[in-house]
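Report on the following structure.
Number of protein chains: 2
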Amino acid sequence: MTRYLLERPHRLVSLTFFSERYESAKSSISEDLTILKRTFKARGTGMLETVPGAAGGARFIPYVTQGEATQFVDEVIASLSEADRFLPGGYLYMSDLLGRPNVLRQIGRLIATQYLSDEVDAVMTVATKGIPIAQSISEYLNVPFVIARHDSQITEGSTVSVNYVSGSSSRIEKMALSKRSLAPGARVLIVDDFMKGGGTLGGMQSLVKEFDATVAGVAVFAEGAFEGERVVPNYTSLLRIHATNDHVDVTPGNFVEQIYTPDRVSLLKK
Amino acid sequence: MTRYLLERPHRLVSLTFFSERYESAKSSISEDLTILKRTFKARGTGMLETVPGAAGGARFIPYVTQGEATQFVDEVIASLSEADRFLPGGYLYMSDLLGRPNVLRQIGRLIATQYLSDEVDAVMTVATKGIPIAQSISEYLNVPFVIARHDSQITEGSTVSVNYVSGSSSRIEKMALSKRSLAPGARVLIVDDFMKGGGTLGGMQSLVKEFDATVAGVAVFAEGAFEGERVVPNYTSLLRIHATNDHVDVTPGNFVEQIYTPDRVSLLKK
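From first to last, the protein sequence lines stand for chains A and B.
With positions in the first sequence counted from 1, the corresponding number in the working numbering is that position plus 888.
With positions in the second sequence counted from 1, the corresponding number in the working numbering is that position plus 888.
Encoded structure:
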């Protein structure tokens, strides 16, 4: 039952279903769910929402507690601060982190915590490095993810494309998304691995509008230092990366302060 | 305990750890593990290997039974055979499937079944569409994945690149992988979404060799029809796609027949 619920976050599974699957009375399933609920809460795994009545059941909503979130961000900072990650031009090598299943799992759980009670129908990113992040979030929100591309391919069918100004380099770029990707009215969470001026994220916002869909939020793994106004005013970031000529400073982004507001923390305690 | 093991496949978790975490005697943890083992087996979730003795513990090894594998392949075929997926030029639209968390989870579990008892240190793919598949497999094998790219980026640091002949179009292409990605001697599982002549997969094989690493296997989601000899002789595919001028036939690939050999099936029954 634990496995079944964990693999289907945000979806209501009926008592009847469990009772048939495990050939047990609904009353004992109900009792087991109560135990699970307590365990999930005690371990900070997530919330188990139980819906009473004949049409009732249980829904697993993953979240990360503030303590765990802070600890994770600190761990990532420690590992990104290793000297051999510094690349010429003030860049930081972080592709290895974004290829480790345990790191991606935590990123997915964190961002899903942000959309605990908001409706999200799809996660969107642009190729290439945002994909693993989008996929992890999509798993924990249990919604599909879509990938916009700079080169539109024949296997995508007809596409919708937008031009946008890359904020940091002021070049005009183009991205395209398959016409079949998003339904009108869908609530779309935009994510990427890194944001500087926010131009790419702005491009994704334009794409969402072209599909008559709505932006549910913007989340990035890391933000870089940027002078001036960002194309995307509202976003969350797990990390802040500040590069100088000879080294890179990594500090926590705005995620923890934005997400663990008193309201939300009390919701998690329910 | 279920959640802890499910999130850390292929890793041995010690009895001592569980006993401290849950403040229970090792004997009761042991009993619980026996129950879990039975449940995992009965539900086809996977194997729970228990290692006896003071240094012992339990290791969760996910797998998919032959029945479930066949059913999944059939479901994917049914959904890919919808008429509106046909694209001009004999292509098939399948990006939506490879963006659904439940489909990706099953693909990951299936391919992980193939490497149940083989050592794999990393999963490799090439951008863009193989990434979600590589990530899912990496989750179930609990090893990192690395992404080769056609355009090497400044954020990858120094890279190793190879040229290869794209089997289907006979063009010469290039792919690069960050030098920091793979350790010498690593056993690498190569995956992609689609294979025609196998040129791209051959390019990845050359890359693996450049890193003094070994190819542990080659797995693709779908293979297309191809006349002549493939660059990659040994591979598994979940699907076979045969396009004609006005429609596309999707049939099962060689996965089920290659993987569910009598030896392996008896291993799963243990």
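Glycine included, every Cβ here is placed at the ideal spot set by N, Cα and C.
In this structure, A:G1112 and A:T1124 do not form a Cβ contact; the two beta carbons are roughly 15 Å apart against a cut-off of 8 Å.
Residue state for A:N1051 is assigned as strand, using DSSP reduced to three classes. The criterion of a C-beta distance shorter than 8 Å is not satisfied by A:A1022 and A:R1037.
Interface flag for A:D984 against chain B is set, since a Cβ pair is found closer than 8 Å.
For the stretch 995-1062 of chain A, the full-length beta strand (DSSP E) segments reaching 3 residues or more read 1010-1014, 1033-1036 and 1047-1053 along the chain. Against chain B, the CB of A:R891 has a partner CB under 8 Å away; the residue lies at that interface. In terms of beta-carbon proximity, A:I1042 lines the interface with chain B, with at least one pair separated by less than 8 Å. Take B:Q954, set aside five residues on each side of it, and the residues of its chain with a beta-carbon closer than 6 Å to its own are Y1148, in chain order. If you draw a 10 Å sphere on the C-beta of A:V939, you find fewer than 16 other C-beta atoms in it, and that means exposed. Taking 9 Å as the cut-off between beta carbons, the residues of the stretch 1015-1038 of chain B near chain A are A1015, T1016, K1017, I1019, P1020, A1022, Q1023, S1024, S1026, E1027, Y1028, L1029, N1030, V1031, P1032, F1033, V1034, I1035 and R1037, in sequence order. Looking from the CA of B:R988, the closest CA among A:G978, A:M1012 and A:L1004 belongs to A:M1012. When B:G978, B:Y1003 and B:D920 are compared, the shortest CA-CA separation from B:R1075 is found for B:Y1003. Listed along chain B, the residues sitting closer than 9 Å to A:G1045 by beta-carbon distance are R973, L975, P976, Y979, Y981 and S983.
Of the candidates A:R1152, A:H898, A:D1134 and A:T1132, A:H898 places its Cα closest to the Cα of A:D1009. Using beta-carbon distances, A:G987 counts as an interface residue toward chain B, with a partner under 8 Å. Close partners of B:R1068 in chain A (Cβ separation under 7 Å): Y981 and D984. According to DSSP, residue pairing for B:T938 in a beta bridge involves B:A946. Closest option to A:T1001, judged by alpha-carbon separation, among A:K1017, A:G1086, A:Y892 and A:S1024: A:S1024.
With 16 or more other Cβ atoms from the protein chains shown falling within 10 Å of its own Cβ, A:Q994 counts as buried. Judged by DSSP in its simplified three-state form, B:R988 adopts coil rather than helix or strand. Nearest to A:S1069 by C-alpha distance, out of A:K1084, A:E1098 and A:G978, is A:E1098. A distance of 8 Å or more separates the beta carbons of B:L998 and A:R891. Neighbourhood of A:T933 in chain B, by CB distance below 8 Å: R891, in chain order. For A:P897, no beta strand (DSSP E) run applies, since DSSP gives it neither H nor E. For B:E1044, same chain residues with a beta-carbon under 6 Å away, outside a window of 5 residues either side, are S1066 in chain order. According to the DSSP secondary-structure assignment, A:G955 is paired through a beta bridge with no residue. Taking 8 Å as the CB threshold, B:R993 lines the interface with chain A. Excluding the 5 residues flanking it on each side, B:L1077 has same chain C-beta neighbours closer than 6 Å at V1008, V1011, A1104 and G1105, in chain order. Interface with chain B (8 Å Cβ-Cβ cutoff): A:L998 is excluded. Taken through DSSP and simplified to helix, strand or coil, B:P1121 comes out as coil. Scanning its chain for C-beta atoms nearer than 8 Å, with the 5 sequence neighbours on each side dropped, one finds around A:T1102 the residues G1073, A1074, R1075, V1076 and V1096, in chain order. Close to A:L894, with beta-carbon spacing below 7 Å, are these residues of chain B in chain order: R891 and L894.
Straight-line spacing of the CA atoms in B:V1048 and B:D1100 works out to 12 Å. Minimum Cα-Cα distance from B:L985 among the listed residues B:V1153, B:K1157 and B:S969 corresponds to B:S969.
Under the DSSP assignment, A:G977 falls outside any beta strand (DSSP E); it carries neither an H nor an E label. The three-state secondary structure of A:G1091, taken from DSSP, is helix.
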